[in-house]
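For the sequence shown, this note's numbering assigns the number 5 to the initial residue and increments by one for each residue that follows. Backbone N, C-alpha and C define an ideal beta-carbon position, used for all residues, glycine too. Owing to the predicted nature of the structure, the values given are computational and were not obtained by experimental measurement.
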Amino acid sequence: MISYKPLLKLMIDKNTNKTVLRNELGFSSSTMAKLNKNEYVSLSIIDKLCAYFNCQPSDLIEYIPSENNS
């Protein structure tokens, strides 16, 4: 499973919130909901986030092995 928990931590560290991302990056509410639910978002979304935060994708996402993959 892919988790966006590092993104949420980065948002706290950078003193930003979902409303700021929606307004400044033009994200839809459904995109923000997908990030909250650890659902698929396109690489263009990841690209915009990396550019905004000046970071690497690994700063935004983490892989968590599922129990089925063991």
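Query raised in the report: Which of the three DSSP states, helix, strand or coil, is assigned to S62?
Result: Against the sequence shown, residue 62 aligns to sequence position 58. Helix.
Query - Beta-bridge pairing of S7 - partner residues as DSSP gives them - result: Position 3 of the sequence shown, counted from the start, is the residue given in the question as residue 7. Looking at the DSSP assignment, S7 forms a beta bridge with E66.
Requested in this report: Indicate the three-state DSSP secondary structure (helix, strand or coil) for T20 in the structure shown.
Outcome: Within the sequence shown, numbered from 1, the residue matching residue 20 stands at position 16. T20 sits in coil when the DSSP states are folded into three classes, being neither helix nor strand.
Report task. Would you kindly work out how many angstroms separate the C-alpha atoms of P61 and E71, rounded to a whole number? Result -> Working through the sequence shown from its first residue, we reach residue 61 at position 57. Working through the sequence shown from its first residue, we reach residue 71 at position 67. Taking the straight line joining both Cα atoms gives about 24 Å.
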